[in-house]
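The structure appears below as C-alpha cells.
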Amino acid sequence: MKLYEYAARRMALLVFVLLGVTLLTFILSRVLLDPLAAYVTEKTNPNAIPAIKRMHGFDRPPWEQYFFYLRDLFTLDLGWSKVGHMSIVDAIATYFPATAELTIVAIIITLLVGIPLGVVSALKNNQLADHASRVFSLIGISIPVFWLGLSLQYFFTYWIKMAYGLPALPSTGRYDPVLAINTGFKKITGFIMLDSLIQGNLIMAGDALAHLILPAITLAFLNIGVITRLTRSSMLEVLRQDYVTMAKAYGLPQRLVIYKYALKNALIPVVSATGLMFGGLLGGAIMTESIFAFPGMGWLSYRAIVYNDSNTVLAYVVVASIIYVVVNLVVDIVYAWLDPRIKY
Amino acid sequence: MRELRIRELKYTFHLFFSNKLVVIGTAIVLFYIFLAVFGRLIVDAGEPYKLDLKNALKPPSFEHFFGTDDLGRDILRLIVLGAGYDMAVSIFVVAVSIAIGTVLGAVSAYLGGKFDEAFMRLVDILFAFPGLLFAMAIQMILGKSLFNLAIALIAVWWAGYARLMRGQVLAEKGKLYVRAAKSLGLPGYRILFRHILPNAIYPLLVSATMDIGGVMLSAAGLSFIGLGPTPFEPEWGSLVNRGAPFLFVAPWIMFFPGLMILLASLGFNLVGDGLRDILDPRLRR
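Order-wise, the sequence lines are chains A and B.
With the numbering used here, the residue at position 116 of the first sequence is 116, and numbering never jumps.
With the numbering used here, the residue at position 174 of the second sequence is 174, and numbering never jumps.
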C-alpha cells in the first residue's frame, strides 16, 4: 500500500469515528441528560416551557433531532452557550486560544525537561542518575494533578511572598485586566502572548507568561514522566543497535555518535507521543484550568457539565474529538513518512 | 521439571529483593492495605460526624498531627478512615475493565472480519471522546455515588484493555500451537480461552498493576471536582476538595490527603514498573 492510499483509507475511517462521536455525545447530552436545562433557569415562566421545547425541536423524536443536530454542525449554527453567555461558535473562538497557548507552553516545558532526563537516564543506565530520573518520572505519573496545582498555587502565589517577601506569581486568570487597560492592550488574535508581542507591549507579554507558568508546569508534570520513560527506553534500544557500535568502532567522537546518530532515531517515537499529547491537551485540561480559573476550553466544559448546559457540552466534545482524531491521523502519517520501515 | 520451577521461582525472588524500588513500592502498598483493612479498628469510625467548631482550622500540632478541617475534625483520623475508598474503587475498576476488555478484545480478534472492524471503530470512538468528560457525564446521568464513580471509570478504561488484548491475540493467532489445536478439531471458544488467552494475557496483568495507580488518580480527581461520595465519606479526593476554599488559610487540609494519594499511587506504580523489569524474559539473565 502506498502512503497516500494509507492516508485516504485513514481519512475515510475518520469520518465514521467522528459520526460515532457525535452520536454518542448526542445520546449522552440530549437523550440521557435534559437538553432543556440549557435554556431554562429558575426565573423562566413555566408556561413558556412547551414553547421553548417546540422552538428548539426537543419535542421531536430523537432520531429527527440527531439529523437536525448534524445539519447545525455543518452550518456552524450550534446554538447558545448558557455558561459562556454567547453563541457556541463565539465561545469556542474566545476560549480556544487560551487553551492553545497553555498547551504550547506546557509542551515546550515537557520536552525541555523530559528529553534530556531520558537521555541522561539511558546513558547512565542503572547508575545513580538513572535511578533518580526514573523515580522522578514515576512521581510525575503518580502525582494528583489537582493537588499539584493547588500546592503550586499556595507556594508560588502566597507562601514565597509571606515568608520571604519575594514577588509572587498571579494565582488565577490569563492576564491582569487593569494592566491591560493601562498599557493600552488590544486583542487581535486572542492569543495574549502573540497579541502583546505584535503590539510591542513587553509588560503585557511578561504578565501573560507569569499567568501561564504555573498551570503549564502543572500540565507538564505528568507528561514529563511519560516523555522521560519513552526517551529512555527508546534510546537504550537504539544504543544497542549495530550501526551505533559500528560508528563507535570507527572511532567517531562519543558526542557525535550519541547526539547525531543515536538520538535522532531514538526521538521518532517521542515525536509521535508528543503529537498525541498535543491533541489531548488542545481539548482542554479540565482540572488544571478549573483550579487556576484559566478561561480555556477545559474550564468552559467543566462549567457546562456542572450547569447542565448540553449545547456547550456537545460542542466541546465534538471540537475536542475532531482535534484529537485529526492530530492522531497527522501523527501516524508523519510517523510512516519519517520511518520507512513502518508497515501499514 | 519441578526443581527447575523452584529454581526459577527462587531467581524471581532474588530479582525482587535486589530491586530496591519494588521493595519500597511493595512496602507502601502493604502499609496502605493495612490502613484500609484495620483503619476502622484504630480510629473511631464516627470521626466524620464529630463536629468540634471551637477547634476548627487548627494547624498541625501534637494534639492534631495533620491539623483540623473547617468543622474541627482531625485530618489524620479522616485520612486513616478514608484509606479504603480509592483503593477499593481502583482495584474494582481495573478488575472489571480487564474482564470486559479481555473477553471483547479476544473474541473480536479471533473472529476477525467485519465484526472486528466494527468493534475497533467503537473502541476508536471511545478513545477520541474526552475521557474525563465522559466519566463526568455518566456520573451526572446515574447520580453521584462511589459506585457510580466506579461505573463511570469502567466505561472509560475497558477500551484500552480491549485494544491491547486484541493486538495480543492477533499476534498469537497464527502460531503453531493454535493451528495444532485447530487441526485436532477443538471448538473455537476452547482454543481461544484455554490456549490463546493464557499466553496473551500476561502483558495486561503487568500493565494492570500500574493502571491501579492511574485509576486511583482519576477516581480521586473525579471526587475532587465534586462527583464522588458524600461529605461524610472521607475519601481523599473529596478531602482535598474540602480544603481547596481554605487554601490560603489552612493549606494542611488539602495538603496531607493529596500527599497520601500521591504516595499510594506511587506505591502501585513502583511495583508495576519493577514487575515489568523482573518478569520481562528479555531482561532476565
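Idealized CB from N, CA, C, for every residue including glycine.
Item	Value
Identify which residue in A:Met-277, A:Leu-239, A:Ala-262, A:Ser-234 has its Cα closest to the Cα of Leu-222 (chain A).	A:Met-277
Taking only runs of the alpha helix (DSSP H) that begin and end inside the stretch 137 to 173 of chain A, which ones reach a length of at least 4 residues, in chain order?	145 to 154, 160 to 164
How is Asp-52 (chain B) classed by DSSP in three states: helix, strand or coil?	coil
Just grab the DSSP bridge partners of Thr-68 (chain B) for me.	B:Asp-74
For the stretch 19 to 31 of chain B against the stretch 227 to 237 of chain B, do three or more pairs of beta-carbon atoms, one drawn from each stretch, fall closer than 8 Å, so that the two count as touching?	no
Of all the CB atoms in chain E, is at least one closer than 9 Å to the CB of Gln-153 (chain A)?	Protein chains in the displayed structure are A and B, and chain E is not among them.
Is it the case that the Cβ atoms of Arg-121 (chain B) and Leu-13 (chain A) are separated by a distance below 9 Å?	yes
Which of helix, strand or coil does DSSP assign to Leu-57 (chain B)?	coil
Quick test of the definition: if touching needs 3 or more C-beta pairs under 8 Å, does the stretch 167 to 187 of chain A touch the stretch 202 to 209 of chain A?	yes
In whole angstroms, what separates the C-alpha of Asp-339 (chain A) from that of Val-103 (chain B)?	34 Å
Spatial neighbours of Tyr-302 (chain A) within its chain, please: CB distance less than 7 Å, with the 5 preceding and 5 following residues excluded, ordered by chain position.	Ile-286, Ser-290
Check Ser-145 (chain B) in the structure and name its three-state DSSP category.	coil
Alpha carbon to alpha carbon, what distance is there between Phe-16 (chain B) and Arg-285 (chain B)?	Per-residue confidence for Arg-285 (chain B) stands at a pLDDT of 46, beneath the threshold of 50, marking its modelled position as unreliable; no derived number is given.
Quick check on this structure: which residue in A:Ala-220, A:Ile-109, A:Phe-96 has the alpha carbon closest to the alpha carbon of Phe-146 (chain A)?	A:Ala-220
Determine the burial state of His-211 (chain A): buried for a count of at least 16 other Cβ atoms within 10 Å of its Cβ, exposed for fewer.	buried
With 16 other CB atoms within 10 Å as the buried threshold, where does Asp-273 (chain B) fall?	buried
Quick one: residues in its chain with C-beta nearer than 6 Å to the C-beta of Phe-134 (chain B), no 5 flanking neighbours on either side, listed in chain order?	Val-156
Please work out which residues of its chain come closer than 8 Å, Cβ to Cβ, to Ser-87 (chain A), disregarding the five sequence neighbours upstream and downstream, and give them in chain order.	Leu-78, Gly-79, Trp-80, Ser-81
At the level of alpha carbons, what is the spacing between Ser-233 (chain A) and Pro-198 (chain B)?	27 Å
If we ignore side chains and look at the alpha-carbon of each, how far apart do Ser-108 (chain B) and Ala-336 (chain A) end up?	26 Å
Does Phe-16 (chain A) come within less than 9 Å of chain B when only Cβ atoms are used?	yes
In whole angstroms, what is the alpha-carbon distance linking Pro-251 (chain B) and Ala-244 (chain B)?	8 Å
Is Phe-136 (chain A) near Leu-214 (chain A), with beta carbons less than 9 Å apart?	no
Quick one, which residues of the stretch 81 to 97 of chain B are near chain A if we go by CB-CB under 7 Å, in chain order?	none
Using beta carbons (cut-off 9 Å, strictly below), is Ala-320 (chain A) in contact with chain B?	yes
Find the residues of chain A that neighbour Ile-125 (chain B), judging by a C-beta separation of less than 8 Å, and give them in chain order.	Val-17, Gly-20, Val-21, Leu-24
Pairs of beta-carbons, one from the stretch 73 to 81 of chain B and one from the stretch 34 to 47 of chain B, closer than 8 Å: are there three or more?	yes
Among A:Leu-70, A:Leu-281, A:Pro-35, A:Arg-134, which one has its Cα closest to the Cα of His-56 (chain A)?	A:Pro-35
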